[in-house]
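Everything on this sheet refers to the single structure shown next.
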Amino acid sequence: MPVSWAVLRQAEAERGETTPDAAANVYILKMSSGEELGLSRVLVAGRHDELLRQWRQYRGEMQRAEVPSKLEVVGRIGVEDQDEDRATVAAQVHAVWWNDRIYLSGTAHPWRFETRRDAGG
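In case it helps, the UniProt record's numbering puts the sequence shown at residues 1 to 121.
Printed below as a string of structure tokens:
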């Protein structure tokens, strides 16, 4: 893989999302998969390290229990109280576990996100 391609991919991964609900969706997907690559693009720069530690703590708690097969949004991700550069985003999220014999869906719980436009994203 050419180095320039890898650098370009990393730069794109750190660019941010275009809408508040897209940023919340990325966070939920990254929490579900446990994949950190691309997570930084939805963490505000001024609190990046704190929010990354928090994300890792949440993933750690999930791993101490039986990690769900995935986290899933129930219904739509709603954008509330949006102004020029900030928005509150709400989603109902539940865990789903499955294997070859069973499918178990957990109770949905509200997740709330405070988003802001930061450096073009």
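Note that CB positions come from ideal geometry on N, CA and C, so glycine has one too.
Spatial neighbours of residue i in its chain, beta-carbon cut-off 7 Å, leaving aside the 5 residues before and after
i: G75; result: Q92
i: S69; result: V96, W97 and W98
i: D81; result: A87 and T88
Contacts around residue i, its chain only, beta-carbon distance under 6 Å, and the 5 residues preceding and following it disregarded
i: W111; result: A91 and V93
i: A87; result: P20, V79 and T115
i: F113; result: A24 and V89
i: G34; result: R59
Spatial distance of residue i from residue j (CA atoms)
i: S105; j: S32; result: 14 Å
i: E17; j: W55; result: 18 Å
i: K30; j: Y58; result: 11 Å
i: H48; j: A65; result: 26 Å
i: E61; j: G46; result: 25 Å
i: A22; j: T107; result: 23 Å
i: G38; j: L71; result: 18 Å
i: W5; j: R41; result: Low local confidence applies: a pLDDT of 49 at W5 is under 50, so the model's placement there is unreliable, with the coordinate-based value given in what follows. Each residue's Cα considered, the two are about 18 Å apart.
i: V67; j: I77; result: 23 Å
i: R53; j: Y103; result: 31 Å
i: E36; j: V73; result: 19 Å
i: Q63; j: I28; result: 16 Å
Own chain, CB closer than 8 Å to residue i, minus 5 neighbours either side, in chain order
i: L51; result: L43 and V44
i: H109; result: Q92, V93 and H94
i: V26; result: E17, G38, L39, R41 and V42
Opposing strand residues paired with residue i [DSSP bridges]
i: G78; result: A90
i: E114; result: T88
Closest by C-alpha distance to residue i, when choosing among the options
i: residue 122; options: R117, R41, G38 and I28; result: Look at the range of the chain in this structure, 1 to 121, and you will see that residue 122 is not part of it.
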